[in-house]
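First the structure, in the form of structure tokens, and then the observations on it.
Residue numbers (our numbering): 14 to 185.
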């Protein structure tokens, strides 16, 4: 039985790990966004606050707010390699992976593949290896491939990304 279902169970565990991990990071970022809204827009109504938090990811509202000089004004923390927009670009790539795992059985849509290619083009040459489109996680057919090494890499990236955001927010 273990031989028959071993790979299937492992794939489900990997998919669930990615989906849950990205969802948790989304929730953390939305909490930070909500706190910033309350801090910088003191007259915001509860209804407007709820509406903004609910649409945090639409049109990159959350990211735009975070980097806006008159709002969050987040900057690259000292000692970090990626600029703030690149850090969020890498995270958006992982959100695309999660979306593909949840909604299209692990296949990246043409629209999202175009986005991944766009992110790669926007990445500085010396950091192109960081773009997910260049990783073994995505095959030529746009299928998301998962392994323990990929899961561990994502875990490490999410940890570093949250530290990056924490340090950015701490400098505001």
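Where is the CB? At the ideal position from N, CA and C, for every residue including glycine. In this text the structure is predicted, and so the values were computed from the model without any measurement.
With DSSP as the reference, please indicate the residues paired to residue 157 in a beta bridge.
-> Paired residues: 151.
Going by Cα to Cα distance, which pick from 84, 174, 173, 116 is closest to residue 157?
-> That would be 116, whose Cα lies nearest to the Cα of residue 157.
Give the straight-line distance between the Cα atoms of residue 42 and residue 21, rounded to the nearest whole angstrom.
-> Going by C-alpha positions, residue 42 is about 32 Å away from residue 21.
CA nearest to the CA of residue 163, picked from 107, 155, 121 = Of 107, 155, 121, the residue nearest in Cα terms is 107.
Apply the 10 Å Cβ neighbour rule to residue 111 and answer buried if 16 or more other Cβ atoms are within range, or exposed otherwise.
-> The residue is buried, with at least 16 neighbouring Cβ atoms inside 10 Å.
Between the segment 142-151 and the segment 117-131, do at least 3 Cβ pairs fall closer than 8 Å?
-> Touching, yes.
Counting only the same chain and skipping the five closest in sequence on each side, list residues whose C-beta sits under 6 Å from that of residue 49.
-> Cβ within range, chain order: 85.
Going by DSSP, which residues form a beta bridge with residue 53?
-> Paired residues: none, contrary to the question.
CB of residue 57 within 7 Å of CB of residue 80, strictly | No, the Cβ-Cβ distance between residue 57 and residue 80 is not below 7 Å.
May I have the straight-line CA-CA distance separating residue 150 from residue 180, to the nearest angstrom?
-> Residue 150 and residue 180 have their alpha carbons spaced roughly 28 Å apart.
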